[in-house]
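Residue numbers (my numbering): 185 to 293. For every residue, glycine included, the Cβ atom is placed at its ideal position computed from N, Cα and C. Take a look at the structure set out below.
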Amino acid sequence: MPAINITATVDLAAEAAYIRFCDGEVARTVEVTDEVQIDLDAFAMALGIEILDLQAEIPFQRLITEYHVPIEAIDALRAIRPSVAGYFRIGQSGDGSLVTGGMRAPVPA
185 MPAINITATV DLAAEAAYIR FCDGEVARTV EVTDEVQIDL DAFAMALGIE ILDLQAEIPF
245 QRLITEYHVP IEAIDALRAI RPSVAGYFRI GQSGDGSLVT GGMRAPVPA
C-alpha cells in the first residue's frame with residue numbers, strides 16, 4: 185500500500201472538490217453516489233475521491249466496505265464530514281478576491 189498523503193483541492197466556481205490520499209495513476213473512476221466518485225488504480229486500489237457538490241455527504245461505510253479506502257484516509261475524511269463545504273471557511277471579499285479562513289474544528293465522530 186502506498187503512503188497516505190492527503191491533499192484537498194476545492195474548485196469554488198464548480199462547487200466541487202478532489203481529495204487525493206495516495207499517489208498513482210488513475211485507471212478508472214467509479215460513481216459511488218450521484219455526487220461522489222472514487223478514482224482507482226489498475227489494481228482497484230483507491231487513490232482519491234471527487235466530490236461533485238460541496239454539500240454532498242461522504243458515504244464512509246461504502247468507501248470502507250466496497251472500495252477498501254485506507255483507514256487513515258477515512259479518519260481524515262471524517263474530519264470534514266458531513267460535507268466538504270462544512271469544513272472549509274472560504275469566502276469572497278468585496279473586491280472579488282478569495283478569502284480563506286482556514287479550517288473549522290472537526291466535527292466529533
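Are residue i and residue j closer than 7 Å when you measure CB to CB?
| i | j | result |
| --- | --- | --- |
| V220 | I235 | yes |
| A257 | F205 | yes |
| Y202 | A230 | no |
| L247 | E199 | no |
| I190 | P254 | no |
What does a CB cutoff of less than 6 Å around residue i pick up in its chain, not counting 5 residues either side in sequence?
| i | result |
| --- | --- |
| A293 | Note on A293: pLDDT 39, under 50, position unreliable in the model; the coordinate value appears next. So the qualifying residues of the chain are R262. |
| A260 | I190 |
| I222 | V214, V216, A230, I233, Y251 |
Below 7 Å CB to CB, which residues in the same chain sit around residue i once its five sequence neighbours on both sides are set aside?
| i | result |
| --- | --- |
| A226 | A211 |
| A197 | none |
Could you check which residue in the options has the C-alpha nearest to that of residue i?
| i | options | result |
| --- | --- | --- |
| T193 | L224, T249, I233 | I233 |
| E209 | L196, D195, A228 | A228 |
By the DSSP assignment, the beta strand (DSSP E) with residue i in it spans what residues?
| i | result |
| --- | --- |
| L231 | 230-235 |
| L238 | That residue, L238, is in no beta strand (DSSP E); it is neither H nor E in DSSP. |
Can you name the start and end residues of the alpha helix (DSSP H) that residue i belongs to?
| i | result |
| --- | --- |
| Q245 | 244-249 |
| A192 | Here A192 belongs to no alpha helix (DSSP H); instead the beta strand (DSSP E) covers 191-195. |
Cutting at 8 Å between CB atoms, please list the residues of its own chain near residue i, excluding the five before and the five after it.
| i | result |
| --- | --- |
| L224 | V210, A211, R212, T213, V214, A230, L231, Y251 |
| F244 | I258, L261, R262, R265 |
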